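Counted the way my numbering counts, the sequence shown spans residues 3 to 124.
These notes concern the structure reproduced below.
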Amino acid sequence: MGKKLIIAEKPSVSRDIAKVLNCKSKGEGFIEGQEYIITWAIGHLITLAEPEEYDAKFKRWNYNHLPIIPNKIQLKPYSKTKRQLSIITNLSKRKDVDSIICATDSGREGELIFRYIYTYIK
């Protein structure tokens with residue numbers, strides 16, 4: 003049985019989870035134990051693409067282009083937190099990781115943070 007990757011919303015929550023699960027080995031952007039790897043978002047790591055990223059014609063606002071309904075919603079990383087997103091992506095693809103656990107806040111925003119990460123890392 004492989005390890006479980008836990009994604010928390012912020013580093014302080016990750017540290018608290020790590021204490022409870024007896025995870026003590028610290029890496030860059032994560033804490034690891036025998037059964038769990040705990041990592042974190044730093045708030046929002048990903049956002050929706052801007053309209054002009056779908057089509058250059060949307061760069062300038064035009065009432066006739068509304069509504070803008072893309073065939074597929076595109077996500078993009080925030081440049082300031084791209085490193086942590088890369089860490090989470092790499093952890094999720096480790097051969098010893100067999101499941102991912104959402105440990106973000108239970109409200110809409112926490113769920114959105116996790117869903118965007120989960121969708122982005124596939």
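Don't be surprised by glycine CBs; every beta carbon is placed ideally from N, CA and C.
Keep in mind it's a predicted model, so treat the numbers as computed, not measured.
Hey, L47 and Y80 are a contact pair by Cβ (cut 8 Å); roughly how many whole angstroms apart?
6 Å between Cβ atoms; contact.
What is the C-beta distance between Q76 and E55, in whole angstroms, given that I count them as a contact (C-beta under 8 Å)?
With 8 Å as the limit, Q76 and E55 qualify as a contact, their Cβ atoms being about 6 Å apart.
Per DSSP, what are the beta-bridge partners of S101 in this structure?
Looking at the DSSP assignment, S101 forms a beta bridge with K6.
Classify R121: buried if its beta carbon has 16 or more other beta carbons within 10 angstroms, exposed otherwise.
Residue identity differs from the one stated: residue 121 is Thr in this sequence, not Arg. Classification of T121: exposed, given that the 10 Å Cβ count is below 16.
Name the residue from N73, N24, R85, K59 whose alpha carbon lies nearest to the alpha carbon of W42.
The residue with the shortest Cα to Cα distance from W42 is R85.
Considering Cα atoms alone, identify which of I39, I19, M3 is closest to T91.
Minimum Cα distance to T91 is reached at I39.
How many angstroms separate the CA atom of K28 from the CA atom of I103?
K28 and I103: Cα-Cα distance of roughly 19 Å.
Mind pulling the alpha helix (DSSP H) runs of 4 or more residues that sit fully within the region 58-103?
Correct list: 84-94.
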